[in-house]
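Undergrad:
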Amino acid sequence: MVMEERAPARQRGLGYSVERAVLDEESLEEVAQRRTREDKPALAQRLRAKLSCSAVRFWRCLFSCIPVLYWLPRYSFREYALGDFFSGISVGIMHLPQGMAYALLASVPPVFGLYSSFYPILIYFIFGTSRHISVGTFAVMSVMIGNVAERLAPDSDFSSLDTVTNETLLDVLQRDAARIKVAAAVTFLSGLFQVALGLVQFGFVVTYLSEPLVRSYTTAAAIHVIVSQLKYVFGINPNRYHGPLSMVYTLIELCALLPKTNVGTLVVSIVSLVVLLVVKKISTALSHKLPIPIPIELILVIVSTVITAQVQLDKKYGVQVVGEIPRGLQAPVFPDTSLFVSVVGDAFAIAVVGYAIAISLGKIFALKYGYQVDSNQELVALGLSNSVGGVFQCFAISCSMSRTLVQESSGGHTQVAGALSALVILVIILRLGELFQQLPKAVLSAIVIINLQGMMRQFTDIRTLWRSNKVDMLVWVVTLVSTLLLNMDIGLAASVAFAMLTIIFRTQLPQYSLLGQIAGTELYRSVEEFAQAQEIPGIKIFRSSANLYFANAEMYEENLKKKVGIDIARLLRHKKKLAMKEKRRKKREERRAKKEAKKTVEREEAGREEAGQEEAGREEAGKEGTQRGSNPLNPHSIILDLSPVSFLDTVSVKKLKNIVSDYREVGVEVYLAGCQSCVVGEMELGGFFLKALSKACLFVSVHDAVLHCLRRAEHGPLDSPAAFENTKL
266 MVMEERAPAR
276 QRGLGYSVER
286 AVLDEESLEE
296 VAQRRTREDK
306 PALAQRLRAK
316 LSCSAVRFWR
326 CLFSCIPVLY
336 WLPRYSFREY
346 ALGDFFSGIS
356 VGIMHLPQGM
366 AYALLASVPP
376 VFGLYSSFYP
386 ILIYFIFGTS
396 RHISVGTFAV
406 MSVMIGNVAE
416 RLAPDSDFSS
426 LDTVTNETLL
436 DVLQRDAARI
446 KVAAAVTFLS
456 GLFQVALGLV
466 QFGFVVTYLS
476 EPLVRSYTTA
486 AAIHVIVSQL
496 KYVFGINPNR
506 YHGPLSMVYT
516 LIELCALLPK
526 TNVGTLVVSI
536 VSLVVLLVVK
546 KISTALSHKL
556 PIPIPIELIL
566 VIVSTVITAQ
576 VQLDKKYGVQ
586 VVGEIPRGLQ
596 APVFPDTSLF
606 VSVVGDAFAI
616 AVVGYAIAIS
626 LGKIFALKYG
636 YQVDSNQELV
646 ALGLSNSVGG
656 VFQCFAISCS
666 MSRTLVQESS
676 GGHTQVAGAL
686 SALVILVIIL
696 RLGELFQQLP
706 KAVLSAIVII
716 NLQGMMRQFT
726 DIRTLWRSNK
736 VDMLVWVVTL
746 VSTLLLNMDI
756 GLAASVAFAM
766 LTIIFRTQLP
776 QYSLLGQIAG
786 TELYRSVEEF
796 AQAQEIPGIK
806 IFRSSANLYF
816 ANAEMYEENL
826 KKKVGIDIAR
836 LLRHKKKLAM
846 KEKRRKKREE
856 RRAKKEAKKT
866 VEREEAGREE
876 AGQEEAGREE
886 AGKEGTQRGS
896 NPLNPHSIIL
906 DLSPVSFLDT
916 VSVKKLKNIV
926 SDYREVGVEV
936 YLAGCQSCVV
946 GEMELGGFFL
956 KALSKACLFV
966 SVHDAVLHCL
976 RRAEHGPLDS
986 PAAFENTKL
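In structure tokens form, the structure reads like this:
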């Protein structure tokens, strides 16, 4: 066989010529010497190789499990120390206001946000593989923890009626203690989930959360966060709702309580929002001139604390403040295991969402700076951070985009910057925490709301996805709506389920096409999409754009019938009808042979009558297309291009076998082309190759199959495909 291509160099490069024999699967296995199962190592040998131990494998395993042992001894103080130092200080300063603010989202006292900005960072420093991300408190994770804490420890469980004043009293200390237990339990359990998934190499689980789904989910979570902070902005105290439509009920009650707004709190909120927004805009505009962004959150926290303490906003105007912040660290306490059953679903959702956010940011910076991030080790690192943090009463952490950008832009090169930021928080916890007791909660809420600007800008994804991929846009919209209406846990499950359904629909509704040859090449493309793709007379080349499996096997066969234009069932009915007529004719001849007494004239007339019936049957069969010579457009061969197929199940193997045998019954040969090795192996296991079906009907490419069909139609069946080597097309 000779395949030639001549094209201008400016379009296709140098021309080339390839000469080889037509190859079917049997010939390919002989030429390429396919390895058999006996050639591959036995299971015992593979297990022995996996379990064998050597010094090299030991150190590789140790460095993989504890990455800090590998990169820290190679740390270059001359190149990295100064940048990591300033970066660590800058990020540590950001941890202070964000940790306290996100603690409010988690429905725990602000100091526990500082704990969550200390212990997990040190654990990630040891076990993490990303050099640039800043782990710690994150708004989405905090609000998910807060939903669980307020569901299992609502205010109503700690309220009592004062019989003297007839007022409802709330035991804040006991309520906070109960919510801390809930937050620690769900954090510890989510960490265990992450560690378990990492150990069983389940880092790919995040691939089921596509980028449109994650971005839409974080946008919906940002809206949940903003709604949850409105009570601090207006100084009101609405009830907390849970379950589907909880956000709708919360908004309705917030609107009803607006007449009771605390004016002092509202003024503090508006001033804080305006100052934060203006200064962040200025900081962004001058980013090319400033070494680090203006730490406006820290400045606002210090200034507002001083003003509140001097003016006594809490006493004179009823502005809520942070309150007592204990000095020192908390003793480790193992989480309450009795809560695990109640929070197992929430813990798994938190584990998956936290990992998805962290690994997506980690891979972005790894690609930018040219190093690898181990997905499974990241799961283990985050899991240990959360599980150890749960023992020290922390709430679940992930990666913050704003802190990561600051850590990278201020010169951070390694996780030494993260460890230094943890030391900054440690100093604040031990010495400076009590200075922020007069910090207004409205200021923390303003910090939270302004830091969600980036997530709210993700609404522009709708326009972008509408232009690029409408299915992804539909996933984005459905994720947003389901998360807003069904709450964050059920919304995540519904979003993933819908994303999976879109994949199923795509495989069930693929594009089916007939292929034609591009003149002068061995390339075959859809005749509907390419004007120069011409069908080869007598040969139909059929291709599906999706995998072939049980869900679309019937549809594959139906579309093949439509594209090829041969109704097998109708032809088989006619074939059966002709066979029955032939059988009846033979029976009548036997009966007539027994009637020797009949006249010869009558026998001749009966013979002429049967001959007429047979001729009529032939004409009828010709109308149905059984006589191929009467219509040159009727195919004598069908080629199924299976190059897009990466796997087959038992249903699809059986369907292919039926297609080959059914078309063969009506005189049409079916060939398969472009099968991958794994597909051929699944055919063997599925019993595709029988006595009537061999690997001679499988060809390495569509072009090989076409040459075989042309040669067979011209010269009839030959013994070997090698005999076609001089065929040109």
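Numbering-wise (our numbering), the sequence shown opens with residue 266 and increments by one. The beta-carbon is built from N, C-alpha and C at its ideal position, and this holds for glycine as well.
1) Are the stretch 682 to 693 and the stretch 367 to 374 touching, with three or more C-beta to C-beta distances below 8 Å?
2) For ASP289, which residues does DSSP report across the bridge?
3) With distance defined between alpha-carbon atoms, name the residue in THR772, PRO558 and ASP579 nearest to MET359.
4) I'd like the list of long-range same chain contacts for ARG440, defined as Cβ closer than 7 Å, with 5 residues on each side in sequence excluded.
5) Quick one: give me the first and last residue of the alpha helix (DSSP H) that ARG732 is part of.
6) DSSP three-state call for ALA596: helix, strand or coil?
7) Closest to ASP611 by C-alpha separation, out of ALA309, VAL333, THR394 and THR452, would be which residue?
8) Taking the alpha carbon of CYS659 as the point to measure from, which residue in ILE831, SER352 and ALA449 has its own alpha carbon closest?
9) Who are LEU426's beta bridge partners in DSSP?
10) In terms of alpha-carbon separation, which member of ILE488, GLY500 and LEU361 lies closest to GLN532?
11) May I ask you to report which of helix, strand or coil DSSP gives VAL490?
12) Going by DSSP in three states, GLU589 sits in which element: helix, strand or coil?
13) Could you check whether GLN703 and ALA574 sit closer than 8 Å to each other, using their CB atoms as the reference points?
14) Could you pull out every unbroken alpha helix (DSSP H) segment of at least 4 residues lying fully inside the stretch 806 to 870, listed in chain order?
15) Does the count of Cβ pairs from the stretch 674 to 682 and the stretch 485 to 494 closer than 8 Å reach three?
16) Taking the alpha carbon of ARG668 as the point to measure from, which residue in GLY803, ALA762, ILE354 and TYR814 has its own alpha carbon closest?
17) Considering just the uninterrupted stretch of the alpha helix (DSSP H) at ALA682, what are its terminal residues?
18) Kindly indicate the opening and closing residues of the alpha helix (DSSP H) around ARG325.
19) What three-state label does DSSP hand CYS664 in the structure shown?
20) Between the beta-carbon of LEU578 and the beta-carbon of VAL584, is there less than 8 Å?
21) Starting from the C-beta of LEU958, find all residues in its chain whose C-beta is less than 8 Å away, skip the five residues before and the five after it, and write them out in chain order.
22) Could you check which residue in THR767, ASN651 and ALA784 has the C-alpha nearest to that of LEU457?
23) Can you give me the C-alpha to C-alpha distance between VAL243 and VAL918, rounded to a whole angstrom?
24) Taking 8 Å as the threshold (C-beta atoms), are ASP289 and LEU230 in contact?
25) With DSSP as the reference, identify every bridge partner of ARG790, one or two as the case may be.
26) Assign ASN734 to buried or exposed, taking buried as 16 or more other Cβ atoms, counted over all protein chains shown, within 10 Å of its Cβ.
27) So does the stretch 632 to 644 actually touch the stretch 363 to 372, counting three or more Cβ pairs closer than 8 Å?
28) Can you grab the Cα-Cα spacing for the pair PRO362 / GLY508, in whole Å?
29) Are the beta-carbon atoms of ILE567 and GLU699 separated by less than 8 Å?
30) Taking the alpha carbon of PRO570 as the reference point, which residue from GLN797, PHE383, ALA707 and GLY348 has its own alpha carbon closest?
31) Identify the continuous beta strand (DSSP E) that holds VAL935 and give its terminal residues.
32) Would LYS446 pass as a contact of ASP601 if the rule is Cβ separation under 8 Å?
33) With distances taken Cα to Cα, identify the nearest neighbour of VAL971 among LEU780, ILE833, GLU793 and PHE912.
34) Since ILE615 and SER455 are thought to touch, with beta carbons under 8 Å apart, how far apart are those beta carbons, to the nearest angstrom?
35) To the nearest angstrom, how far is the alpha carbon of ALA623 from that of ALA404?
36) Sort LYS628, PHE605, LEU644 and ASN527 by Cα distance to PRO705 and report the nearest one.
TA: On the basis of the data shown:
1) no
2) PHE964
3) PRO558
4) ALA418, ASP420 and PHE423
5) 726 to 733
6) coil
7) THR452
8) ALA449
9) THR433
10) In the sequence under discussion, the amino acid at residue 532 is Val, which differs from the Gln named in the question. Checked all of ILE488, GLY500 and LEU361; the closest Cα to VAL532 is GLY500.
11) helix
12) coil
13) yes
14) 818 to 829 and 833 to 859
15) no
16) ILE354
17) 681 to 692
18) 320 to 330
19) strand
20) yes
21) LYS922, VAL925 and SER926
22) ASN651
23) Because the chain in this structure spans residues 266 to 994, residue 243 falls outside the shown range and cannot be described.
24) Since the first residue of the chain shown is 266 and the last is 994, residue 230 is not available in this structure.
25) GLY781
26) exposed
27) no
28) 30 Å
29) no
30) Before going on, a small fix: residue 570 reads as Thr here, not Pro. Nearest C-alpha to THR570: ALA707.
31) 934 to 938
32) yes
33) LEU780
34) 4 Å
35) 13 Å
36) ASN527
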